[in-house]
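Student:
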Amino acid sequence: MGIGAARGLLIRGGDVLESVHNLTTIIFDKTGTLTLPVPRLTDYIPTTGDFSPSSLLQLAATVESGTYHPFAAAIQQQATAEGITLLPARNFYTAPGEGVSALVDLNSTAVEQRVLVGTVPWLQSEGVIIPAEATIQADLLVHANKSITFLAVNHQLAGLLAISHDLRADAQSTIAILQKSGLNVMIMTGDQEVPAQAVANQLGLTNTQVLANVRPDEKAAVIARLQQAGERVGMVGDGINDGPALAQADVGIALHSGTDVAVESSQIVLMGDRLQDVVSAIWLSRSIFNKIRQNLFWAMTYNIIGIPIAAGVLLPSWGIVLNPATAGALMAFSSISVVVNSLTLRME
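Letter 275 of the sequence shown, counting from 1, is numbered 285 in this note's numbering, and no numbers are missing.
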């Protein structure tokens with residue numbers, strides 16, 4: 011446990027390392043885990059003449075101020091950079107994995123209008139009609155590896171926003187090492203297939219290793235199905251939506267900068283927020299079990315050889331016998347060798 015702490019790993023119990031040693035599959039959440047915590051808002055495009063890009067951004071920032079999500083952080087960050095102030099709003103509502111809404115005072119009057127920011131299916135379920143032109147425009151942005159969210163005012167589509175995700179610096183090397191170690195690595199995300207597969211390709215993963223369009227409430231079920239198929243699953247995540255999946259996994263691994271729900275649901279916390287520490291956790295578990303096997307080998311070897319000699323099996327033929335003092339010294343040396351071999355783990 012001390013070695014793990016020195017390497018930036020908070021490990022909750024020795025049995026966790028045994029579970030890590032038995033893993034066959036590791037699933038990474040995409041947004042905020044493989045990618046940087048705050049994505050970049052690159053486009054905010056009105057689909058009607060009633061709104062300008064800045065007013066569209068103001069509406070989105072106002073509604074997203076009532077929730078915590080990487081998309082919300084990106085929108086808030088851009089609004090702050092442009093000096094945009096938020097509008098009066100109340101009755102914030104979050105549909106996990108789908109969108110957010112609020113009653114917003116658009117013109118500093120007593121008349122409030124419901125503003126929704128979210129996915130196409132959710133907006134459509136709320137009675138919003140998505141014109142074909144907006145769909146075409148969104149598809150172009152999706153093929154540019156961007157994630158799209160739509161904004162509607164009083165059930166009328168007002169515009170769309172595009173967000174770009176930059177991979178963490180150590181994401182590619184971490185995935186490569188894990189795959190070389192024999193683990194099946196997968197990505198699970200609520201994003202559409204095209205941007206999700208684009209990220210997978212950057213990381214050297216195939217399309218079959220991508221689980222796209224997975225709602226937050228479906229993540230735990232996906233892991234459960236893999237477990238039923240005989241897989242030992244590790245889950246790496248950071249967000250509030252990852253909590254149930256982290257708890258369902260055989261080993262939940264959370265970034266320290268993640269939400270309290272994610273951290274509390276995990277058996278391992280990456281204190282340095284480095285994905286490469288996932289590799290360290292795998293290495294540590296395998297090294298410990300290798301040391302255990304080595305120690306068992308040496309302990310058994312000493313006993314298998316020493317006990318018969320001490321019993322006098324070599325006395326008739328070779329005249330060799332161990333007196334009690336020598337036998338005791340050899341037993342002590344056996345214990346010392348096991349301790350020294352274990353301590354070498356700190357130097358690896």
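All C-beta atoms in this analysis are idealised placements derived from N, C-alpha and C, irrespective of residue type, glycine included.
Buried or exposed: residue 74, going by 16 or more other Cβ atoms within 10 Å of its Cβ?
Tutor: With 16 or more Cβ atoms within 10 Å of its Cβ, residue 74 is classed as buried.
Student: Are three or more beta carbon pairs between the region 25 to 42 and the region 231 to 247 nearer than 8 angstroms?
Tutor: Flag = yes, the region 25 to 42 and the region 231 to 247 touch.
Student: Give me, in chain order, the residues of the same chain whose beta-carbon lies closer than 6 angstroms to that of residue 53; leave out the 5 immediate sequence neighbours on both sides.
Tutor: Taken in chain order, the residues that qualify are 172.
Student: Please look up how many angstroms separate the CB atoms of residue 359 and residue 144, rounded, as I've assumed it's under 8 angstroms.
Tutor: Within the shown structure, residues of the chain are numbered from 11 to 358, placing residue 359 beyond reach of any answer.
Student: Out of 230, 236, 92, 162, point me to the one whose CA is closest to residue 194's CA.
Tutor: It is 236 whose Cα lies nearest to the Cα of residue 194.
Student: Let me know the secondary structure DSSP gives residue 93 once reduced to three states.
Tutor: Correct three-state label for residue 93: coil.
Student: Sort 20, 59, 83, 329 by Cα distance to residue 41 and report the nearest one.
Tutor: Considering only alpha carbons, the answer is 83.
Student: Using three-state DSSP, classify residue 252 as helix, strand or coil.
Tutor: Helix.
Student: According to DSSP, simplified to helix, strand and coil, what is residue 310?
Tutor: Of the three classes helix, strand and coil, the one that applies to residue 310 here is helix, per DSSP.
Student: Please tell me whether residue 96 and residue 72 are closer than 8 angstroms, where the distance is taken between their beta carbons.
Tutor: Yes, Cβ-Cβ distance for residue 96 and residue 72 is below 8 angstroms.
Student: Where residue 266 and residue 90 are concerned, what is the direct C-alpha to C-alpha distance, given to the nearest angstrom?
Tutor: Spanning the two alpha carbons is a distance of roughly 26 angstroms.
Student: I'd like the ranges of any beta strand (DSSP E) spanning at least 3 consecutive residues and lying wholly in the region 264 to 298.
Tutor: Runs found: 278 to 280.
Student: Mapping DSSP to helix, strand and coil, what is residue 158?
Tutor: Strand, per DSSP.
Student: Using a threshold of 8 angstroms, state whether the C-beta atoms of residue 251 and residue 137 are closer than that.
Tutor: Not in contact: residue 251 and residue 137 (Cβ atoms no closer than 8 angstroms).
Student: Where DSSP assigns a beta bridge to residue 56, which residues make up the other side?
Tutor: Answer is 169, bridged to residue 56.
Student: Drop a sphere of 10 angstroms on the beta-carbon of residue 310, count the other beta-carbons inside from all chains shown, and report buried for 16 or more, exposed for fewer.
Tutor: Exposed, by the Cβ-count rule.
Student: Closest to residue 216 by CA distance: which of 198, 232, 226, 261 is it?
Tutor: Of the listed residues, the one whose Cα sits closest to residue 216 is 198.
Student: Is the Cβ-Cβ distance between residue 164 and residue 124 less than 8 angstroms?
Tutor: Yes, they are a contact pair.
Student: Residue range of the beta strand (DSSP E) that residue 145 falls in?
Tutor: Not the beta strand (DSSP E): residue 145 falls in the alpha helix (DSSP H), residues 142 to 152.
Student: For the candidate residues 317, 304, 299, whose alpha-carbon lies nearest to that of residue 28?
Tutor: Answer by Cα proximity: 299.
Student: Who does residue 262 pair with in a DSSP beta bridge?
Tutor: 245, per the DSSP bridge assignment.
Student: Which residues bound the alpha helix (DSSP H) around residue 230?
Tutor: That run of the alpha helix (DSSP H) goes 229 to 238.
Student: So what's residue 9 in DSSP terms, helix, strand or just coil?
Tutor: Beyond the ends of the chain as shown, which are 11 and 358, falls residue 9; an answer cannot be given.
Student: What residues are listed by DSSP as bridge partners for residue 198?
Tutor: In DSSP, residue 198 forms a bridge with 39, 221.
Student: Between which two residues does the alpha helix (DSSP H) carrying residue 67 extend?
Tutor: Run containing residue 67: 63 to 74, per the alpha helix (DSSP H) assignment.
Student: How long is the line joining the alpha carbons of residue 152 and residue 196, rounded to whole angstroms?
Tutor: Spanning the two alpha carbons is a distance of roughly 21 angstroms.
Student: With a 10 Å radius around its C-beta and 16 neighbouring C-beta atoms as the bar for buried, classify residue 327 as buried or exposed.
Tutor: Counting Cβ neighbours within 10 Å, residue 327 comes out exposed, since fewer than 16 surround it.
Student: By DSSP, does residue 211 sit in helix, in strand, or in coil?
Tutor: Residue 211: helix per DSSP, three-state reduction.
Student: Roughly how far, in whole angstroms, is the beta-carbon of residue 169 from the beta-carbon of residue 77, given that I think they are within contact range, below 8 angstroms?
Tutor: About 19 angstroms; that fails the 8 angstroms criterion.
Student: Is the number of C-beta pairs between the region 59 to 73 and the region 263 to 279 that are closer than 8 angstroms three or more?
Tutor: Flag = no, the region 59 to 73 and the region 263 to 279 do not touch.
Student: Which residues in the same chain as residue 61 place their Cβ atom closer than 7 angstroms to its Cβ, once the five residues preceding and following it in sequence are excluded?
Tutor: Cβ within range, chain order: 168, 169.
Student: Leaving out five residues on either side along the sequence, give the residues of the same chain with a beta carbon under 6 angstroms from the beta carbon of residue 208.
Tutor: Answer for residue 208: 155, listed in chain order.
Student: May I ask you to report which of helix, strand or coil DSSP gives residue 111?
Tutor: Looking at residue 111 - three-state DSSP - the assignment turns out to be strand.
Student: DSSP three-state call for residue 179: helix, strand or coil?
Tutor: In the structure shown, residue 179 sits in coil (DSSP, three-state: anything other than H, G, I, E or B).
Student: Check whether the Cβ atoms of residue 64 and residue 92 lie closer than 8 angstroms to each other.
Tutor: Against a cut-off of 8 angstroms, the Cβ pair of residue 92 and residue 64 comes out as a contact.
Student: The beta strand (DSSP E) that contains residue 133, what's its start and end?
Tutor: Element bounds for residue 133: not the beta strand (DSSP E) but the alpha helix (DSSP H), 130 to 135.
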